[in-house]
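Have a look at the structure below, then the notes.
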Amino acid sequence: MTKTLRILALLLALAAAGTWVATGGNRGWTKTSVPVKTVDEITGIEAVSYEQRFLPGLEFLGAALLGASLLAGASFLFHNKQNTN
Amino acid sequence: MTTKIITLLTFTTLTGAALAAPQSFDFKDPKGVNNAVFKLDAPLEAINGSANGISGTVTFDPANPAATKGKIVVTAASLHVPNPMMKEHLHGEQWLDVAKHQEITFEAKSLSNVKTTGDTATADVSGTLTIKGVAKQVTAPVKFTYLKDKLAARTNGQMQGDLLVIRANFGVKRSDFGINPKAPEDKVADSIELTLSIAGASPR
Numbered sequence: 001m002t003k004t005l006r007i008l009a010l011l012l013a014l015a016a017a018g019t020w021v022a023t024g025g026n027r028g029w030t031k032t033s034v035p036v037k038t039v040d041e042i043t044g045i046e047a048v049s050y051e052q053r054f055l056p057g058l059e060f061l062g063a064a065l066l067g068a069s070l071l072a073g074a075s076f077l078f079h080n081k082q083n084t085n
Numbered sequence: 001m002t003t004k005i006i007t008l009l010t011f012t013t014l015t016g017a018a019l020a021a022p023q024s025f026d027f028k029d030p031k032g033v034n035n036a037v038f039k040l041d042a043p044l045e046a047i048n049g050s051a052n053g054i055s056g057t058v059t060f061d062p063a064n065p066a067a068t069k070g071k072i073v074v075t076a077a078s079l080h081v082p083n084p085m086m087k088e089h090l091h092g093e094q095w096l097d098v099a100k101h102q103e104i105t106f107e108a109k110s111l112s113n114v115k116t117t118g119d120t121a122t123a124d125v126s127g128t129l130t131i132k133g134v135a136k137q138v139t140a141p142v143k144f145t146y147l148k149d150k151l152a153a154r155t156n157g158q159m160q161g162d163l164l165v166i167r168a169n170f171g172v173k174r175s176d177f178g179i180n181p182k183a184p185e186d187k188v189a190d191s192i193e194l195t196l197s198i199a200g201a202s203p204r
């Protein structure tokens, strides 16, 4: 059980960090849409439209790392309980 | 012969008057290109977004840009930021209260410092900006670009007419319009930078 919790914690931390880095390492809040700019040929106006895309932010990474820490912490509690028995 | 000359003179005068007359430009853009970008840059957090629900009418005379009048309307609910929770707050009661105040408007009253170069005119436009039901007098530097006969190119030949491109970049204070007045300024900047890029059509 201890080992399972620690492996889960490690996987969660790696998956969150990997996703965050792979999507560009957004240092702001999580975004569910990103601006796409195009230039109108006739008027020269730079138009802004939004493309639906999930871009995890720092709070996503923080929440995942916190979850991983809790899992790892729980594994120690479990370990201690087994030792006292 | 005299009748022909009078007819020709009348035609020439009327045509000349028609060409010099102020034109009405409709800023409802079916292509969805028109946009207003807003930026709030606080020390701890930056908020960037845009709005594309733009409509309104501007009367512009290429021969006399100083006489420009008009009103631009932005649908408040069209304001968008990439974070969904931030967008919910932006539309909410504390911020813009879009359910109650559905429109952000700017009504141009007068122009000063008008400078014309070819098809382009720059001026300081004074008028009334209304956000969240609060009306304030503001003056913004504006650039007008008159694109004669360019409407056809934009509508694949379906309509003939002219285009007017308006660009403006100016700032307003969040506190002046009662937008989330309790928000700390290190997180939400009081200064809002606005960039307007819009094109209106005057069909013939």
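In the order they appear, the protein sequences are chains A and B. Following our numbering, the numbering of the first sequence begins with 1 at its first residue and continues without gaps. Following our numbering, the numbering of the second sequence begins with 1 at its first residue and continues without gaps. Cβ coordinates follow ideal geometry from the N, Cα and C atoms, glycine included.
Beta-carbon neighbours of residue i, restricted to chain B and to distances below 8 angstroms
i                       : result
valine 48 of chain A    : Asn35, Val37, Ser50 and Asn52
threonine 30 of chain A : Asn83
valine 36 of chain A    : What valine 36 of chain A touches in chain B: nothing, since even the nearest Cβ is about 11 angstroms away.
Identity of the residues DSSP links to residue i by a beta bridge
i                        : result
aspartate 162 of chain B : B/Ser202
serine 24 of chain B     : B/Thr59
serine 175 of chain B    : Looking at the DSSP assignment, serine 175 of chain B forms no beta bridge with any residue, so it has no partner.
lysine 39 of chain B     : B/Asn48 and B/Glu193
aspartate 97 of chain B  : Looking at the DSSP assignment, aspartate 97 of chain B forms no beta bridge with any residue, so it has no partner.
leucine 169 of chain B   : With the sequence shown as reference, residue 169 of chain B is identified as asparagine, and leucine is not the correct amino acid for it. Partner(s): B/Thr195.
glutamine 52 of chain A  : A/Ser33
lysine 71 of chain B     : B/Thr57 and B/Glu107
serine 112 of chain B    : B/Asp124
Of the listed residues the options, nearest to residue i (C-alpha basis)
i                         : options                                   : result
glutamine 21 of chain B   : B/Thr59, B/Val98, B/Ala51 and B/Ser50     : Residue identity differs from the one stated: residue 21 of chain B is alanine in this sequence, not glutamine. Ranking B/Thr59, B/Val98, B/Ala51 and B/Ser50 by Cα distance to alanine 21 of chain B puts B/Thr59 first.
lysine 143 of chain B     : B/Ala168, B/Val37 and B/Met159            : B/Ala168
proline 181 of chain B    : B/Lys31, B/Leu90 and B/Phe25              : B/Leu90
asparagine 48 of chain B  : B/Lys87, B/Lys31 and B/Ala77              : B/Lys87
aspartate 149 of chain B  : B/Pro30, B/Ser202 and B/Pro43             : B/Ser202
leucine 196 of chain B    : B/Phe25, B/Lys39, B/Lys31 and B/Val98     : B/Lys39
proline 82 of chain B     : B/Lys69, B/Val37, B/Val138 and B/Ile192   : B/Val37
asparagine 172 of chain B : B/Pro184, B/Gln137, B/Thr155 and B/Arg204 : Checking the sequence, you will find valine at residue 172 of chain B rather than asparagine. Among B/Pro184, B/Gln137, B/Thr155 and B/Arg204, the Cα nearest to that of valine 172 of chain B is on B/Gln137.
isoleucine 198 of chain B : B/Pro30, B/Asn35, B/Ser24 and B/Phe25     : B/Asn35
histidine 101 of chain B  : B/Ala77, B/Met85 and B/Gly127             : B/Ala77
threonine 155 of chain B  : A/Asp40, A/Ala68 and A/Gly18              : A/Asp40
proline 184 of chain B    : B/Ser24, B/Met85 and B/Leu44              : B/Leu44
glycine 28 of chain A     : A/Pro56, A/Val21 and A/Leu66              : A/Pro56
valine 21 of chain A      : A/Leu58, A/Glu51, A/Gly67 and A/Met1      : A/Leu58
glycine 62 of chain A     : A/Gly25, A/Lys3, A/Thr2 and A/Thr4        : A/Gly25
Any C-beta of chain A under 8 angstroms from that of residue i
i                        : result
proline 30 of chain B    : no
alanine 201 of chain B   : no
serine 24 of chain B     : no
serine 197 of chain B    : yes
leucine 194 of chain B   : no
threonine 105 of chain B : no
glycine 16 of chain B    : Because glycine 16 of chain B sits at a pLDDT of 45, beneath the cut-off of 50, its placement in the model cannot be relied upon, and the point is left open.
Residue i vs residue j beta-carbon contact at 8 angstroms
i                           : j                            : result
proline 62 of chain B       : valine 114 of chain B        : no
glutamine 160 of chain B    : alanine 152 of chain B       : yes
leucine 79 of chain B       : phenylalanine 106 of chain B : no
leucine 194 of chain B      : phenylalanine 170 of chain B : yes
threonine 43 of chain A     : valine 165 of chain B        : yes
phenylalanine 27 of chain B : glycine 157 of chain B       : no
alanine 108 of chain B      : valine 125 of chain B        : yes
glutamate 103 of chain B    : threonine 75 of chain B      : yes
valine 34 of chain A        : arginine 53 of chain A       : yes
alanine 72 of chain A       : alanine 15 of chain A        : no
valine 98 of chain B        : isoleucine 45 of chain A     : no
alanine 42 of chain B       : aspartate 162 of chain B     : no
threonine 32 of chain A     : phenylalanine 60 of chain A  : no
leucine 147 of chain B      : aspartate 190 of chain B     : no
alanine 74 of chain A       : leucine 12 of chain A        : no
lysine 132 of chain B       : isoleucine 192 of chain B    : no
serine 50 of chain B        : valine 48 of chain A         : yes
threonine 68 of chain B     : leucine 111 of chain B       : yes
threonine 122 of chain B    : proline 141 of chain B       : yes
Within chain A, partners of residue i - CB distance below 7 angstroms
i                        : result
alanine 153 of chain B   : Ile42
methionine 86 of chain B : Trp29
Any chain D beta carbon closer than 8 angstroms to residue i
i                     : result
lysine 150 of chain B : Absent here is chain D; the protein component of the structure consists of chains A and B.
Listed by chain order, chain A residues near residue i by CB distance under 8 angstroms
i                       : result
leucine 90 of chain B   : None at all; the shortest Cβ gap to chain A is about 13 angstroms.
valine 165 of chain B   : Thr43, Gly44 and Ile45
histidine 80 of chain B : Ser33 and Tyr50
Residue-level contact to chain B via CB, residue i, 8 angstroms cutoff
i                     : result
proline 56 of chain A : no
serine 75 of chain A  : no
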